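K.L.:
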Amino acid sequence: MSRRRLRFLGVGDSESINFWNTNLLLETESRRLLIDCGYTIKYALRDVGLTLGDIDAIAITHVHADHVFGLERFGYEMRYSYRRRIPLMLEPNIMSALWEQTLKGCMGRSSDGENRLEDFFNVKPISHHAFGFEGCQLHTFPTIHTPGMDTYGLIFDDDVIFTADSKPLDWLASDRSDRLILHDCSLQASNPVHATLEELIRVYPPQVRNRLLAIHYGDDLETYRSLIERELGGVAEQGNEVVWG
Ligand SMILES: [Zn+2]
Ligand SMILES: [Zn+2]
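Residue numbers (this note's numbering): 1214 to 1458.
#1: Roughly how many angstroms lie between the CA atoms of residue 1309 and residue 1338, to the nearest whole one?
#2: Output the boundary residues of the beta strand (DSSP E) element that contains residue 1353.
#3: Tell me residue 1346's beta-bridge partners as DSSP assigns them.
#4: In the DSSP assignment, find the unbroken alpha helix (DSSP H) run with residue 1317 in it and report its ends.
#5: I want to check one thing, is the minimum distance from the CB of residue 1235 to the heavy atoms of ligand 3 below 8 Å?
#6: Could you say which of 1285, 1325 and 1274 lies nearest to residue 1343 if we only look at CA atoms?
#7: Let me know the secondary structure DSSP gives residue 1305 once reduced to three states.
#8: Using 9 Å as the threshold, is the C-beta distance between residue 1226 and residue 1431 below it?
#9: Hey, would you say residue 1323 sits closer than 9 Å to residue 1289, going by beta carbons?
#10: With a threshold of 9 Å between beta carbons, is residue 1234 in contact with chain D?
#11: Where does residue 1253 sit, in a helix, a strand or coil, going by DSSP?
#12: Got a sec: does ligand 1 put a non-hydrogen atom nearer than 8 Å to the Cβ of residue 1433?
#13: In the DSSP assignment, what are the bridge partners of residue 1447?
#14: Given this structure, state the Cα-to-Cα distance separating residue 1449 from residue 1319, to the nearest angstrom.
#15: Residues in its own chain within less than 7 Å of residue 1349 by CB, not counting five upstream and five downstream?
#16: State yes or no: is the C-beta of residue 1251 within less than 9 Å of the C-beta of residue 1279?
#17: Within 10 angstroms of the Cβ of residue 1362, are there 16 or more other Cβ atoms? Answer buried if so, exposed if not.
#18: If we call anything under 9 Å between Cβ atoms a contact, is residue 1258 one with residue 1237?
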């Protein structure tokens, strides 16, 4: 298996101004798959020396702003500047929410007239919760997030689990593998739709916690850093990466 790299382009929650949106970049030897595309994506890519034109495909976990609002820029700039229509991978049941309820208002009309999502992207619905990218196998799984809003996490090559936005997951609490886990970690005392640090510590046993990196956290990270580093595997730092293969 060739080498894969997963870079943490952003690690913040939706309120953060110190960190970019929690968006990741999977890189194989020759191509780049963006995981989620929030409103800070151009700044996050600039920080690692890349532009929108360096991205070969995009996968989306759910339709909150910090995960999809960058698609407006992406779509327009790909269509009118780069003149490319890159693959957009998503679970079929978030398709309508993404276009009809989220992007159509700002992308449904352009100088070319009326548009569909397919005019901007090569839309590829994910079937059977799995897809490949340059030899990398990706699996999606449903997470527990905003009620009524379908949200999916991703497993990369059975090596790395990314929960995207989620409360703690029962199956993960009993996971006996050695897979690295990037887990949503709200630093607020309570939160109805994100796992709090207190919940991660309470729900997951030590053998899960010690391979779990906190991501999607708030600006007050330094207040909680020592607790995270004592109780969890650590902090997913913006700009850092994991490599496997
Ligand atoms: Zn969300
Ligand atoms: Zn989010």
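Every residue gets a Cβ at the ideal spot worked out from N, C-alpha and C, and that includes glycine.
From a predicted model like this one, the values you see are computed outputs, not experimental measurements.
P.N.:
For this structure:
#1: 12 Å
#2: 1349-1355
#3: 1349
#4: 1317-1320
#5: Ligand 3 is absent from the structure shown, which contains only ligand 1 and ligand 2.
#6: 1274
#7: helix
#8: yes
#9: yes
#10: The chain labelled as chain D is not found in the depicted structure, where only one protein chain is given.
#11: coil
#12: no
#13: 1426
#14: 33 Å
#15: 1217, 1239, 1241, 1369 and 1370
#16: yes
#17: exposed
#18: no
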